[in-house]
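Per the numbering used here, the very first residue in the sequence shown carries number 1; after that it's consecutive. Note that CB positions come from ideal geometry on N, CA and C, so glycine has one too.
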Amino acid sequence: MSNVQSVLFVCMGNICRSPSAEAVFSQKASA
């Protein structure tokens, strides 16, 4: 059985920061 968790990145200042954080987190989480 897998333990599924979700993480939400919210950014108010820079529109590029949230997608970048998501990509880095996804890469680290899958390693």
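Review point. What separation, rounded to the nearest whole angstrom, lies between the Cα atoms of Asn14 and Gln5?
Key: 25 Å
**Study point:** Bounding residues of the alpha helix (DSSP H) (the contiguous stretch that carries Val24)
**Key:** Arg17 to Ser30
Practice item. Measure the C-alpha to C-alpha separation of Met12 and Phe25 and round it to an integer number of angstroms. Key: 18 Å
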